[in-house]
Structures are given as C-alpha cells and as structure tokens.
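Peer 1: Input: one structure, supplied below.
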Amino acid sequence: VAPLSAHSLAKLAGGLCDNLLTCVFRAWDFTEAQEDQQSTAVDKDCRGSGAAVGCNNNECSEARPTKRQRPQQRRKFRVRKPVVVCPAMNTAMWDHPLTDQHLEVLRDWGVTVVEPVSKTLACGDTGKGALADPSLICSVVKDLCAKICILQN
1 VAPLSAHSLA KLAGGLCDNL LTCVFRAWDF TEAQEDQQST AVDKDCRGSG AAVGCNNNEC
61 SEARPTKRQR PQQRRKFRVR KPVVVCPAMN TAMWDHPLTD QHLEVLRDWG VTVVEPVSKT
121 LACGDTGKGA LADPSLICSV VKDLCAKICI LQN
C-alpha cells in the first residue's frame, strides 16, 4: 500500500471498513498467533461441569470473563500473506505519538513497514514523511516474494 496516509493508517490499525482498501485489509487472511489460555481454561471448566461452551448457565457465564473484562488477554493474530505498507505524510503527522501506536499494531500483525524518508515535502516542510523511493519499495516486495518462494519449496 503506497502511499499510506495517516488517515488510512489509523483506519487499518483500528479495523475500520469504509473503502476498498480498508475492507480488503479487514478481510485479509490472518492466523491466530497465540492461544488465549485464560479463555481455554474457562471453556474446559464449562465442559467439565457438563455445560455447553457459551451456555447460559449462570454459574458458567459468571465464571467466563468477557473480552471487555480482560482486554490485556486479547488474542494475537499475524497475516498469512504478506502486506507491505509505505507511509507518507506530513512530518508533524509522522512525529505524532498515534502514528507510532498505529504502526506498532500493524507490525504486531506481521505487516512490513517501509518507512518514509526525510526531504522537502509537498507542503514545504523539510523532514521525515516523504514516500520511500520506489526502487526501495520494489526491493522490499521482491525480497518478500523470494522468502515466500524459499519457504514454499
């Protein structure tokens, strides 16, 4: 995805689906990276008591914490097929703390980030935020394709 604006970056990291790019990304092939052990343990307790998983039994449902009650226990996912993003934005947007948070989310999912470069931007500012050179972007994509070919053989 090149260029990836601050706006689209925030949408991808937040899971919004309001255009073709964000809908395709939201439907992309992800795999679970780590099992949520707390949820699994509770499921086993429910099964052991003879109650069905997801049952409405008061005892079972009270014992089973919801995702809202355990946000730190959220499941982790990784992309199964490579995704490369190439952010490009104003230097002030690039330096904003939310940009780091959004990029961290994408990196945690296994997305490859080709960072912007420093130069004079379209707005007249000089600093980091310009789209990386197309030859660098192509090189990153070629390297990813080569790794996939090696892994498949």
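Its first residue numbered 1, the sequence shown is counted upward by one per residue in the numbering used here.
Every residue gets a Cβ at the ideal spot worked out from N, C-alpha and C, and that includes glycine.
(1) Looking at residue 10: is its Cβ nearer than 7 Å to the Cβ of residue 96?
(2) Of all the options 133, 106, 113 and 110, which has the alpha carbon lying nearest to the alpha carbon of residue 119?
(3) Assign residue 33 to one of three DSSP states: helix, strand, or coil.
(4) By Cβ distance, which residues of its chain are closer than 8 Å to residue 85, with the 5 residues on each side in sequence left out?
(5) So, with DSSP's three-state summary, where would you put residue 10?
(6) Under 7 Å between the Cβ atoms of residue 88 and residue 131?
(7) Candidates 149, 90 and 80: which alpha carbon is nearest residue 30's?
(8) For residue 33, does the count of other Cβ atoms within 10 angstroms reach 16, so buried, or fall short, so exposed?
Peer 2: Here's the rundown:
(1) no
(2) 133
(3) Three-state result, residue 33: strand.
(4) 1, 2, 4, 9, 12, 106, 111, 112, 113 and 114
(5) In the structure shown, the three-state DSSP call for residue 10 is helix.
(6) Going by beta carbons, residue 88 and residue 131 fall inside the 7 Å limit.
(7) Considering only alpha carbons, the answer is 80.
(8) exposed
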